[in-house]
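Structure record follows, encoded as structure tokens.
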Amino acid sequence: MKNNQNDFIMIRAVEDGVNVIGLTRGSDTRFHHSEKLDKGEVMIAQFTEHTSAIKIRGRAKIVTSFGEMESGNEA
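Take the sequence shown: its position 34, counted from the start at 1, is 176 in our numbering, and no numbers get skipped.
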């Protein structure tokens with residue numbers, strides 16, 4: 143099993159109703175978990191043997207070991 147200790151991301155909602163969706167690994171990619179964040183709420187997520195991708199819908203600040211970015215509408 144791969145060591146995932148450094149594979150954390152921080153998601154901070156910039157608006158109400160930001161959806162964070164965990165997607166599974168394997169031959170069929172599926173949703174396995176979702177959370178809804180309101181403005182100012184923060185979620186720390188980790189990639190695991192079950193989570194291969196995280197989809198974020200809405201305006202949020204995302205911080206990873208690769209840098210910072212913001213999701214949502216471009217103005």
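Glycine residues also receive a C-beta, built at the ideal position from the N, C-alpha and C atoms.
Compare the Cα-Cα distances from residue i to each of the options and report the closest residue.
i    : options                : result
F150 : S176, E183, I196, T166 : I196
E183 : I198, A155, G214, G168 : A155
L165 : A187, A202, G159, D158 : A187
Consult DSSP for residue i and reduce its assignment to one of helix, strand or coil.
i    : result
E212 : strand
R154 : strand
E177 : strand
Quick check on the burial criterion: 16 or more other C-beta atoms within 10 angstroms. Buried or exposed for residue i?
i    : result
I153 : buried
G168 : exposed
Provide the residue(s) that pair with residue i in DSSP beta bridges, ordered along the chain.
i    : result
R199 : N161
F189 : DSSP output for F189 lists no bridge partner at all.
T166 : T193
Counting pairs of beta carbons, one from the stretch 206-214 and one from the stretch 166-180, are three or more of them closer than 8 Å?
With a cut-off of 8 Å, the stretch 166-180 and the stretch 206-214 do not count as touching, because too few Cβ pairs lie within range.
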